[in-house]
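Worksheet for the structure shown next.
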Amino acid sequence: MTISEIRRRVNALKRRFARELAILKLRRIAEAVADNWDTQHPPEPSDVIQRVVKAGFRLNTFTRLSRYLIDTRRAGDVPLPVSIVCSLLPWAEHDHYRNFFRWEQPLLAP
């Protein structure tokens, strides 16, 4: 197998799993944002959006993320990574992608 054939296969796999890769990349960013979130001095939504943009994402759903972060700041809570990802990628809420988030569901109070 030549190098160009390997590159074609890798690129085909990237296209095939583009949505899954986007979820995984955004999840890393969302986890870092949630881990560094300070409820006393939370970051501005624009700072979080800039972090996503610097990672290479160009999305038309930044307004949804901004609203979610503003609501989270107002409530004094820490944002959930799954909520950050789903606000940026609305199609990530479908059942097909739920396995990516199964360990991140918030615990319900007894």
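Heads up, the sequence shown is in my numbering, so the first residue is 82 and it goes up one at a time.
Glycine included, each C-beta is placed from N, C-alpha and C at the ideal position.
Q: Compare the C-alpha of S168 against each of T142, R155 and A156 and name the closest.
A: Taking the first residue of the sequence shown as position 1, residue 168 is located at position 87. Here the closest residue by C-alpha is T142.
(Q) Taking 6 Å as the limit between beta carbons, can you name the residues of its chain near L189, skipping five residues before and five after? (A) Working through the sequence shown from its first residue, we reach residue 189 at position 108. Interpretation of L189 is limited by its pLDDT of 43, a score under 50 that renders its predicted location unreliable; the figure taken from the coordinates is listed afterwards. Contacts found: none.
Q.
Taking the alpha carbon of Q121 as the reference point, which residue from P171, A156, V163 and P162 has its own alpha carbon closest?
A. Counted from its first residue, the sequence shown places residue 121 at position 40. Per the Cα distances, A156.
Q: Would you check if there are 3 or more beta carbon pairs closer than 8 Å linking the stretch 143-155 to the stretch 115-132?
A: yes
Q: State buried or exposed for N117, treating a residue as buried only when at least 16 other CB atoms are found within 10 Å of its CB.
A: Counted from its first residue, the sequence shown places residue 117 at position 36. Looking at its Cβ environment, which holds fewer than 16 other Cβ atoms inside 10 Å, N117 is exposed.
Q. For the alpha helix (DSSP H) that contains N92, what are its first and last residues?
A. The count along the sequence shown starts at 1 and reaches residue 92 at position 11. In the DSSP annotation of this structure, the continuous segment of the alpha helix (DSSP H) that includes N92 starts and ends at I84 to R97.
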